[in-house]
Structures are given as C-alpha cells and as structure tokens.
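Following our numbering, the numbering of the sequence shown begins with 141 at its first residue and continues without gaps. So the structure is just underneath, and the comments pick up after that.
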Amino acid sequence: MEHLTTEGRAPAADAKRRQEFLDLLCAWNDAFAASSGRRRKAFLHTYGCQMNEHDSETLLGMLLAAGFEEATDQNEADLILFNTCCVREHAQTRVYGNVGALAKRKLEQPGLLLGVCGCMMQQKEVSAALYKRFPFVDLVFGTHALPDFPALLYRAAVLGERVFDGRGEESVPEGLPICRKKGASAFVTIMYGCNNFCSYCIVPYVRGRERSRAPEDILKEVKGLVKEGYTEVTLLGQNVNSYGKDRAGNGCTFPELLRLLNSVEGLERLRFMTSHPKDLSDGLISAMAECERVCKHIHLPVQSGSDEILRRMNRHYTASDYAQLVKKLRASVPGIEISTDIIVGFPGETEEDFEATLRLVEDVGFCAAYTFMYSPRIGTPAASWPNQIPDDVKHERLARLNALQAKKCVENNEKYIGTVQEVLVEGCDEREGQNAFGKTSAFKMIYFPGDESLIGKMLKVKVTKARSNSLLGEACTESVK
Ligand code: SF4
C-alpha cells in the first residue's frame, strides 16, 4: 500500500475537526515512537465488496495520517480493525469467530486496541449485540460514522473510553485521506447508498439513501489519481446508473459523468460497478459505445431468470427486458462482455423458476457469474417469508448452475485463442510459471510470462490457451504504452 492522498472538498468545520484529531493522534504516536523506538502498527481485516475495500483504503489513509504504520501481520499489530460486511451470512459469522478469537490476546496484551466497523455495525441490533458480547472490543462504529473515525479513535486510544457510534445521519464525505493499493488501478466512489430495496438486500438499510458526489469533486479526484500515475479508475456505487438523480438541477447524469471523465488526459481505462438493469438507459449504452476510455465490460446483476421471482425480488424488470438490454449492449458496443450476479433458492423458487434461470444463463453467455445461495438477512422482507427453500435444494441448484456457468465460461474464453489483447498489467503470480497477469478492456484476466517491471504497463498479449476463469498468453514484443 502507498500513495497517501487527500482529494476533494470538505465542509471546512468537519475537515478542521478531523485534522485536529489526526494531529492529536500523531502526537500520541510520536511520543510512543520516541520512548519505545518503534511506531505503533495497525492491521485491517476487510470483508465484502469493492465498496468495503475502498472504505478500508480510506480507514488506512486516516490511520497513516494519524501516525500509525500498516502491519502486514495481525500478530504484530497494536490496533486491529475489522471492516465488516452484512450482505452475506457467511462473512458475518466469520467476523464473530475472528473477533472472539482475540479475547485471549487482549488479556495478554491489554494495550492492544480492537475495533469493529462497516455495514454490519450500521445495523443497530447487530452492533449493540456485538458490543455487549465482546466487552474487550474498544471501538464499534457504523459506515455513517466513518468520516469521524479520527475523533472516535482518539477517544478509544488516548482517552481510554469504550466507544460506540451507530449514528443514523448520512453524509457525502469529501477530503478524507485515502491509502490506495500500489498499482495502476484505483477505486473512486461516486455515490453512496441505494434506493431500490430489493426484497432480499440489507444494503439500503445500512448504507442509507442514494447520495451522489458532486461531479467536480469526482473529476478533481480522478485528475489527481492520473497525476499520481494511476491509469485505470473504477467508479463505485451500489447502483451507479442512478448517479445524479438525487442532485436535482445539477444536470449531471451517469452517462454525462462518463463523458466528462472520458476527457481526462492520461486516463487509459474507465470502469464502473454496479449497474441495475432497470436503470440502464440508452444514453448510458451510447456513452459506453462512444467513450474510448470506457471499458468493454459491464457487471449487470440479473439475479434470476424467472419473472415471478424477479417480481418478488422487487427488481422491476423481466427476463425478456434483461435479454433486450443484452441485445442492445452487444449491438452498440462490439466485443462487450457481460458479467452478472445470480441468487438461487430465493423463497418460493420452484424447479421451473430455477430452470428459467438456467435457460437465461445458457442464452446470454455471461463471461462470469457470481452465484450465491439465498441467505436470509434479518430486517429484509424476504427473510420472514414462509416459503424458504431447504438448504439441500439450494446446494443442488447452485451446483447445477455453477456447472453450466463453468461450461459457458470455457466456451466464452475459447473465442479469444489466437487473438492479440491489450492488457493492463496488475501484478505477478508465481503459480504455473505464468508470472505476470492483467486484464483486457473486456475484463478478461490473462496470465503470461513476465516480471514485476511490467506492472502498470499496457501490453499486447497473444492468447494461447483458455481456462474457465482466465486466459494464458505470451506478451508480444512491443508494448502499447
Ligand atoms: S440494487 Fe438491490 S441488491 Fe443492489 S444494493 Fe440496492 S437493494 Fe441491494
């Protein structure tokens, strides 16, 4: 991790208050370093989606600005922070296990600071229960309190208070320090929250209503990233297609934002996620077709191929609407790849409903599908419906869906054999002698012989082999950039 930046605009009072606490924490950490000969270290556990990963980049940015160093191993940390996710039950269960496992260490190392934050902690009952169950946890706060992390940490670390902040007020924070991953690719949040209330999803309850950042703040952040050497930006939001709708009169829709960012000199690639099919407009398809920096990939969660299940999921489209969108995208943006999310075993899902999903997967030909068994989230409508599907049926359906998608992935990947692709190199992986890896514009991962000196470069790579989730290739002699 590196590249500590502070971008965007902050309401002056908030920024001033945040900086005061960062300074106080810095002084506290400097005094410790002077007396002990080492700096305090912080370790972050991150669960869940890219939004959470990006929140962790912000938390780490604030920790570095507060005078901590990043620990690469939890065992060497003076502060351990769990950035939680409440979207899947599995991630939630892991949090309880991992926090509970630190009880003994906290007894042996009383100065160790433990914090739990993120969207699981934005659920009042869940955060209150965790706070009570683990009395050795020093700091608990939800997503809405993230901009105030320095003040909360000061109270826990320096004043020795046990701190709980489950505030409900939503904001559009600007000006927070961010420590992004080293590399060519950066995440930029363009909006917070979601208004859709899909009947299985907890996100609107914990992330709040849609709040879009001002386009000028996003533009400034993207230009700053390009100056720092990033060449690919992924715009993040729970439903980016709704960008700007909450800023009535502002005049900037999501397609217009894409066009604005497409003009940034030095930016090579622009990605975005996630898109809701009901909000995918013709204007967005045109912007994707006309903006040369916008990548030829869209993540478009379909969730089910059954109209009845889609209706009960509150998704506001049918399987045939989705197929039409796919048709339009492929006609307008040649070479575009489409990935998706699918839930199996939603309450009341019959064998016929599930077979409709299999048919849709067969017909559309997704480049990738993130498939999940429905897991009830307390507080959402579907969790209390009586017609829950037994686990063995969910497992069996998931296995059938995954087998079909694996076959479709190989078929999809085979079409690339013999082609030359432009790849933005992201890193190195020692496995199978295929050292370097990166993605094509269409989000295909390619592995090919290469070393760390290639990271961040745009290369031409000839595809030699297709696997289910990636391609193998050989770099051509000349690089693109
Ligand atoms: S669009 Fe639906 S699934 Fe996505 S975050 Fe919003 S409520 Fe959840």
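Glycine residues also receive a C-beta, built at the ideal position from the N, C-alpha and C atoms.
When you compare only the Cα positions, how much space is there between residue i and residue j?
i    : j    : result
D569 : F208 : 29 Å
R347 : I557 : 42 Å
P290 : N169 : 13 Å
V298 : G485 : 48 Å
F337 : N454 : 7 Å
G177 : W525 : 58 Å
H194 : T329 : 8 Å
Q262 : S460 : 36 Å
Y345 : E309 : 12 Å
D591 : A388 : 49 Å
A523 : P275 : 29 Å
A153 : A427 : 38 Å
D213 : L500 : 44 Å
M141 : A354 : Only weak support exists for where M141 lies, its pLDDT of 35 falling under 50; the coordinates are left without a value.
G423 : K534 : 38 Å
E301 : G519 : 31 Å
E356 : L398 : 13 Å
K363 : T371 : 10 Å
Short of 6 Å in beta carbon distance, which residues of its chain neighbour residue i, apart from the five on each side in sequence? Order them along the chain.
i    : result
L203 : A182
Report yes if the C-beta of residue i is less than 7 Å from at least one heavy atom of the ligand SF4; otherwise report no.
i    : result
E506 : According to the sequence as given, residue 506 is Phe; it is not Glu. Answer for F506: no, Cβ out of range of the ligand SF4.
H416 : yes
V343 : yes
Q263 : no
Q378 : yes
C338 : yes
C334 : yes
Leaving aside the five residues before and after residue i along the sequence, list all residues of the same chain whose C-beta is less than 7 Å from its C-beta, in chain order.
i    : result
Y457 : P417, K418, L450
V366 : V404, G406, L407
I318 : T145, E197, T198, G201
R470 : I476
L359 : L400, L401
Measure the beta-carbon distance from residue i to residue j and round it to whole angstroms, keeping in mind my assumption that it falls under 8 Å.
i    : j    : result
T511 : Q545 : 7 Å
I595 : G613 : So it is not a contact: roughly 17 Å between Cβ atoms.
A441 : S421 : Here the sequence assigns Pro to residue 441, which means Ala is not the residue at that position. Contact flag wrong, Cβ pair sits at about 17 Å.
D386 : R351 : 6 Å
L247 : I220 : The Cβ separation is near 15 Å, so there is no contact.
Apart from the five residues just before and just after residue i, which ones in its own chain have a Cβ nearer than 8 Å to its Cβ?
i    : result
K579 : V563, L564, E566, M585, I586
Q190 : F327, T374, L376, M413
V380 : I330, M331, F394, F412, M413, T414, S415
query = In chain order, which continuous runs of the beta strand (DSSP E) of length 3 or greater are located wholly inside the region 395–439?
reply = 409–413, 437–439
ask   = If you scan the region 568–598 from start to end, which runs of the beta strand (DSSP E) of 3 or more residues do you find wholly inside it?
value = 576–579, 585–588
Ordered list of beta strand (DSSP E) runs contained in the region 312–370, each at least 3 residues = 317–319, 325–329
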